[in-house]
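These notes are about the structure you will find just below.
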Amino acid sequence: MGTENRKQKRIPFNQHVLINNSLMLNTVDISEGGVYVHTDRMFQVGSTLDISVSIGSHKVDLKAHVEHCQAGIGMWLQ
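Anchor point for the sequence shown: position 69 equals 68 in numbering that gives the first Met the number 0, and the numbering is continuous, going up by one each time.
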């Protein structure tokens with residue numbers, strides 16, 4: 000999707016996130032609508048993932064839906 004079609008502005012966001020308590024990934028960017036993460040491992044579009052992210056001394060646990068996958072590059076989570 001080109002930047003001209005995006006509903007929300009994406010902001011660079013480099014942070015480790017833990018997926019399903021087993022897979023540590025790095026984020027690329029974030030917006031009001033979700034986050035993009037680098038990964039070689041693909042999850043089925045529409046599946047729900049458990050995400051944990053630590054920001055400073057705070058840990059946040061979230062549920063995210065896989066919205067888009069690019070094989071060998073990453074996925075967009077909402």
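Each residue gets a CB set at the ideal place from its N, CA and C atoms; glycine is no exception.
Contact under 8 Å by Cβ, residue i with residue j
i: Asp-28; j: Gly-71; result: no
i: Lys-8; j: Ser-30; result: yes
i: Asp-49; j: Asn-25; result: no
i: Val-59; j: Val-52; result: yes
i: Val-16; j: Gly-73; result: no
Residue interval of the beta strand (DSSP E) (run including residue i)
i: Thr-26; result: 22 to 30
i: Ser-46; result: Premise fails: Ser-46 is in no beta strand (DSSP E) and is neither H nor E.
Helix, strand or coil at residue i according to DSSP, with G and I counted as helix
i: Met-74; result: strand
i: Ser-94; result: Residue 94 lies beyond the range of the chain shown here (0 to 77); nothing can be said about it.
i: Gln-14; result: coil
i: Val-6; result: Here residue 6 is Lys; the residue named in the question, Val, does not match the sequence. Lys-6: coil per DSSP, three-state reduction.
i: Cys-68; result: strand
Check your understanding: How do the stretch 5 to 16 and the stretch 40 to 47 stand: do at least 3 beta-carbon pairs fall below 8 Å, yes or no?
Key -> no
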